[in-house]
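Accompanying notes for the structure given below.
There are 2 protein chains.
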Amino acid sequence: MADSYHHGDLRAQLLTAAAGEVARGGPDSVSLRALAREAGVTHGAPAHHFGDRRGLFTALAAQGFGLLADALADSVQARDFARTAVDYVAFAVANPGHYAVMFRADLLDGADAELQQEETRAGDMLRAGVGMLPPDRVAIPVEQARQVAWAIVHGIASLYLDGALRHADPAALARAAAEQLFG
Amino acid sequence: MADSYHHGDLRAQLLTAAAGEVARGGPDSVSLRALAREAGVTHGAPAHHFGDRRGLFTALAAQGFGLLADALADSVQARDFARTAVDYVAFAVANPGHYAVMFRADLLDGADAELQQEETRAGDMLRAGVGMLPPDRVAIPVEQARQVAWAIVHGIASLYLDGALRHADPAALARAAAEQLFG
DNA sequence: GTCATCATCTAGTCATTGTCTAGATGAAGG
DNA sequence: CCTTCATCTAGACAATGACTAGATGATGAC
Numbered sequence: 283m284a285d286s287y288h289h290g291d292l293r294a295q296l297l298t299a300a301a302g303e304v305a306r307g308g309p310d311s312v313s314l315r316a317l318a319r320e321a322g323v324t325h326g327a328p329a330h331h332f333g334d335r336r337g338l339f340t341a342l343a344a345q346g347f348g349l350l351a352d353a354l355a356d357s358v359q360a361r362d363f364a365r366t367a368v369d370y371v372a373f374a375v376a377n378p379g380h381y382a383v384m385f386r387a388d389l390l391d392g393a394d395a396e397l398q399q400e401e402t403r404a405g406d407m408l409r410a411g412v413g414m415l416p417p418d419r420v421a422i423p424v425e426q427a428r429q430v431a432w433a434i435v436h437g438i439a440s441l442y443l444d445g446a447l448r449h450a451d452p453a454a455l456a457r458a459a460a461e462q463l464f465g
Numbered sequence: 283m284a285d286s287y288h289h290g291d292l293r294a295q296l297l298t299a300a301a302g303e304v305a306r307g308g309p310d311s312v313s314l315r316a317l318a319r320e321a322g323v324t325h326g327a328p329a330h331h332f333g334d335r336r337g338l339f340t341a342l343a344a345q346g347f348g349l350l351a352d353a354l355a356d357s358v359q360a361r362d363f364a365r366t367a368v369d370y371v372a373f374a375v376a377n378p379g380h381y382a383v384m385f386r387a388d389l390l391d392g393a394d395a396e397l398q399q400e401e402t403r404a405g406d407m408l409r410a411g412v413g414m415l416p417p418d419r420v421a422i423p424v425e426q427a428r429q430v431a432w433a434i435v436h437g438i439a440s441l442y443l444d445g446a447l448r449h450a451d452p453a454a455l456a457r458a459a460a461e462q463l464f465g
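For the record, the sequence lines run as chains A and B. With positions in the first sequence counted from 1, the corresponding number in our numbering is that position plus 282. With positions in the second sequence counted from 1, the corresponding number in our numbering is that position plus 282.
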């Protein structure tokens, strides 16, 4: 359907291209018109699917939260926190374009229903993962432990994706962090 | 000198205004022309001081790294890691506009001399802060411990500034994180 | 005191972008 | 067959970043 009037899969293709572009040059380098050119449609076509630029990033973030929740499901069910930490960082490294926009409140429409739903699903997954830790390993209130656990995997992922930990193995670092934190 | 031909303090004023705007609406909402209007100069004036948009963010980040190094100096000299962690997060909360661009490689000119200098100074400060931890509290290689320590304060600061930890006290969280990590 | 130098700022221009509007296309279903 | 509506086209507009040539005046040498 690539040469018909109706593209047929434009929304998905735009999201994929946007993720690639964000991973390559950051959110600023994403141009709706460039994405449209790349997809072989006119510059106004993306607006129908995403409304505006913010809508594109919101859709990308929602997709990212969905993928993250999926990526964590196994280890959370296995109640293996160290593996959850590794899987979290591995998700970010494998999906840099998605991850780079997921927590950028300034780029997203926080009121978007799909975003809220996927974000809640991913958040519940994370909470469950930390809730299963052996209490004798946790020296601080459990709610703080949850936030600290999130902060550390987010910190590793963010710093690595921003190039600040260029010479480190992020997965190994996540494992070490889990051990030092709760081991 | 506000109404003379030469502004006299344009560079500093633009940086301050840019920090405020980044804190308010993120880097995307920063417009060189809007900053110029606000400062009462023409749209071309900022280019002389920063070259282009990237140069503005680079200068802002360099200033931020300098401020960060200053903010950490006391506690590092006192070899008090918990306080360093708190001071780090407190710096980010107090200077959200600076912090939001400091690690955004896509917005910065990594080759800038001033940026590299200030970044190195802040990095050395952080390394020194973690290097003084009691060895029997550290279960992982010291280099990983450094990275983990950085990741956790960066994670707390980032998540808080992005609004993901809206109901938490970031300083208290930093203290708790230090205790759980190395306490 | 005068003058040259140069950092600083002005003013105009251009391509590009996001967004809005009206309308064309064609797929899907009654 | 024909209506409906999601999808896409096409044109326009204001705003922006970047570039250029030139005006201004602060500074320091003589």
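Where a beta carbon is used, it is the ideal one built from N, C-alpha and C, also for glycine.
State yes or no: is the beta carbon of residue i nearer than 8 Å to at least one beta carbon in chain B?
i, result
"Arg-361 of chain A", "no"
"Leu-447 of chain A", "yes"
"Gly-437 of chain A", "yes"
"Glu-400 of chain A", "no"
"Phe-385 of chain A", "yes"
"Ser-440 of chain A", "yes"
"Leu-389 of chain A", "yes"
"Asp-406 of chain A", "no"
"Val-430 of chain A", "yes"
"Ala-421 of chain A", "yes"
"Ala-410 of chain A", "no"
Report buried or exposed for residue i, applying the criterion of at least 16 other Cβ atoms within 10 angstroms of its Cβ.
i, result
"Arg-448 of chain A", "exposed"
"Gly-437 of chain A", "buried"
"Ala-367 of chain B", "buried"
"Ala-328 of chain A", "According to the sequence as given, residue 328 of chain A is Pro; it is not Ala. Burial call: buried."
"Gly-392 of chain A", "exposed"
"Leu-342 of chain A", "buried"
"Gln-359 of chain B", "exposed"
"Asp-444 of chain B", "buried"
"Ala-382 of chain A", "buried"
"Arg-361 of chain A", "exposed"
"Asp-406 of chain B", "exposed"
"Asp-356 of chain A", "exposed"
"Pro-309 of chain A", "buried"
"Met-414 of chain B", "exposed"
"Ala-300 of chain A", "buried"
Just checking my contact of residue i with residue j at CB under 8 Å: how many whole Å lie between their CB atoms?
i, j, result
"Val-311 of chain B", "Glu-303 of chain B", "In the sequence on display, residue 311 of chain B carries Ser and not Val. Correct: roughly 6 Å between the Cβ atoms."
"Phe-339 of chain A", "Leu-389 of chain A", "4 Å"
"Glu-400 of chain A", "Gly-333 of chain A", "About 18 Å separates the two Cβ atoms, so there is no contact after all."
"Ile-422 of chain A", "Ala-458 of chain B", "4 Å"
"Val-430 of chain B", "Gln-462 of chain A", "6 Å"
"Pro-378 of chain B", "Ala-305 of chain B", "4 Å"
"Val-371 of chain B", "Ala-427 of chain B", "So it is not a contact: roughly 18 Å between Cβ atoms."
"Leu-292 of chain B", "His-331 of chain B", "6 Å"
"Arg-335 of chain B", "Leu-317 of chain B", "Not quite, the Cβ-Cβ distance comes to about 10 Å (not below 8 Å), so this is no contact."
If you measure from the beta carbon of residue i to each beta carbon in chain A, is any gap under 8 Å?
i, result
"His-380 of chain B", "no"
"Leu-397 of chain B", "no"
"Gly-465 of chain B", "yes"
"Glu-300 of chain B", "The question names Glu, but residue 300 of chain B in the sequence shown is Ala. For Ala-300 of chain B, the answer is no, since every Cβ of chain A falls outside 8 Å of its Cβ."
"Ala-459 of chain B", "yes"
"Leu-297 of chain B", "no"
"Leu-455 of chain B", "yes"
"Met-283 of chain B", "With a pLDDT of only 41 at Met-283 of chain B, under 50, the local geometry of the prediction cannot be trusted, and the value read off the model is given with reservation. It does not; no Cβ of chain A falls within 8 Å."
"Asp-334 of chain B", "no"
"Gln-462 of chain B", "yes"
"Pro-417 of chain B", "no"
"Ala-450 of chain B", "yes"
"Ala-394 of chain B", "Reading the sequence as shown, one finds Asp at residue 394 of chain B and not Ala. Not an interface residue."
"Ala-427 of chain B", "yes"
"Asp-444 of chain B", "yes"
"Ala-294 of chain B", "no"
"Ala-433 of chain B", "yes"
Could you check whether the Cβ of residue i sits closer than 7 Å to any heavy atom belonging to the ligand MG?
i, result
"Asp-362 of chain A", "With respect to the ligand MG, the structure shown offers nothing to examine, as it has no ligands at all."
Against chain B: residues of the region 366-380 of chain A by CB proximity under 9 Å = none
With 8 Å as the C-beta to C-beta threshold (strictly closer), list the residues of the region 301-331 of chain B near chain A in chain order.
-> Under the 8 Å Cβ criterion, the region 301-331 of chain B contributes Gly-307, Gly-308, Pro-309, Asp-310, Ser-311.
Would you list, in chain order, the members of the region 337-359 of chain A that have their beta-carbon closer than 7 Å to a beta-carbon of chain B?
-> none
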